[in-house]
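Here's the structure we're looking at; comments come further down.
Structure (structure tokens):
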């Protein structure tokens with residue numbers, strides 16, 4: 001599986017481009033979809049977890065970059081598959097998802113799709129491990145920071161609107177460039193702001209998007 005190793009810059013590019021291509025294609029279109037970029041630290045965390053061969057999700061505190069927590073998608077296969085195929089398979093859960101409504105079929109799994117298209121998740125790192133003791137020997141792990149799939153907004157993983165509507169001056173083919181935007185470190189910053197305001201250094205530091213851009217992208 002060395003040819004699929006995320007140590008290769010070409011594989012990193014394939015994974016990042018595939019994510020961004022799919023994020024550009026969401027329907028309805030997104031006004032606040034951030035462009036994903038590869039993060040070496042996130043990839044290293046994903047690799048550490050993949051090598052454990054648990055075939056289950058890591059604890060959130062094991063998937064962190066700096067002080068920012070990360071979300072995670074897993075994929076298991078009995079045969080090695082290209083990263084593009086794996087990412088497409090995760091995205092294909094869209095068939096059971098309706099924007100604003102959520103899962104349209106009882107017990108349908110759509111969480112991989114929603115994390116993949118979560119607007120504010122913009123740092124990405126993935127890894128693959130071979131786990132020969134398992135039937136599904138090939139264990140793919142992708143981590144996303146900050147995390148998506150906040151249960152309070154799971155039915156709307158992004159803001160519906162014209163592509164780049166929230167970032168008209170910082171647009172890359174329908175995706176917002178994350179380097180020019182503030183990103184909250186916590187999922188509940190909106191609730192914190194309503195309760196405590198933005199007058200403390202702690203809240204200003206950890207909830208910059210909510211405090212500095214209350215009407216802009218979160």
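In full-length UniProt numbering, the protein residues as written are 1 to 218. For glycine and all other residues, C-beta sits at the position ideal for the given N, C-alpha and C. Keep in mind that this is a model prediction, so the values were computed, not measured.
**OP:** Counting only the same chain and skipping the five closest in sequence on each side, list residues whose C-beta sits under 7 Å from that of residue 100.
**Re:** Correct list, in chain order: 155 and 156.
Original post:
For residue 76, which three-state DSSP category applies?
Top reply: In the structure shown, residue 76 sits in a strand (DSSP, three-state: E or B).
**OP:** Please list, in chain order, all residues of the same chain as residue 167 whose beta carbon is under 6 Å from its beta carbon, the five residues on each side excluded.
**Re:** Same-chain partners within the cutoff: 176.
Original post:
Looking at the structure shown, is residue 71 part of a helix, part of a strand, or coil, going by DSSP?
Top reply: The three-state reading of DSSP puts residue 71 in strand, counting E and B together.
**OP:** Kindly list the residues whose CB is nearer than 7 Å to the CB of residue 98, restricted to its own chain and excluding five residues on each side of it in sequence; keep chain order.
**Re:** Contacts found: 104.
Original post:
Between the Cα of residue 37 and the Cα atoms of 203, 186 and 124, which residue gives the shortest distance?
Top reply: Nearest of 203, 186 and 124 to residue 37, Cα basis: 124.
**OP:** Determine the extent of the alpha helix (DSSP H) in which residue 140 is found, giving its start and end residues.
**Re:** No alpha helix (DSSP H) holds residue 140; the beta strand (DSSP E) holding it covers 138 to 145.
Original post:
Roughly how many whole angstroms lie between the Cα atoms of residue 194 and residue 184?
Top reply: Residue 194 and residue 184: Cα-Cα distance of roughly 15 Å.
Original post:
Apart from the five residues on each side of it in sequence, which residues of its chain come closer than 6 Å, Cβ to Cβ, to residue 142?
Top reply: Excluding residues within five positions, the ones whose Cβ falls inside 6 Å are 73 and 126.
Original post:
Excluding five sequence neighbours on each side, which residues of the same chain lie with their C-beta closer than 7 Å to the C-beta of residue 51?
Top reply: The beta carbon of residue 51 lies closer than 7 Å to those of 129 in the same chain, with the five residues before and after it left out.
**OP:** Look at the alpha carbon of residue 239 and the alpha carbon of residue 134, and state the distance between them as a whole number of angstroms.
**Re:** Any property of residue 239 remains undetermined from this structure, which presents the chain solely from 1 to 218.
Subject >> Own chain partners of residue 53 with C-beta closer than 8 Å, once the 5 adjacent residues on each side are dropped >> reply: Same-chain partners within the cutoff: 129, 131, 133, 134 and 139.
Original post:
Given 8 Å as the limit, is there contact between the region 88 to 96 and the region 2 to 16, that is, 3 or more CB pairs closer than that?
Top reply: Verdict: no, contact absent.
Subject >> Coarse secondary structure for residue 118, derived from DSSP in three states >> reply: Residue 118 sits in coil when the DSSP states are folded into three classes, being neither helix nor strand.
**OP:** List the endpoints of the continuous alpha helix (DSSP H) containing residue 191.
**Re:** For residue 191, the enclosing alpha helix (DSSP H) stretches over residues 189 to 196.
Original post:
Which class does residue 125 belong to by DSSP, given the choice of helix, strand or coil?
Top reply: Here residue 125 sits in strand by DSSP.
Original post:
How many whole angstroms separate the CB atoms of residue 31 and residue 173, which I take to be in contact at a CB cut-off of 8 Å?
Top reply: With a Cβ gap of about 14 Å, residue 31 and residue 173 do not count as contacting.
**OP:** Can you give me the start and stop residues for the alpha helix (DSSP H) that residue 21 sits inside?
**Re:** Run containing residue 21: 9 to 24, per the alpha helix (DSSP H) assignment.
Original post:
Going by Cα to Cα distance, which pick from 26, 3 and 35 is closest to residue 95?
Top reply: Measuring from the Cα of residue 95, the nearest candidate turns out to be 26.
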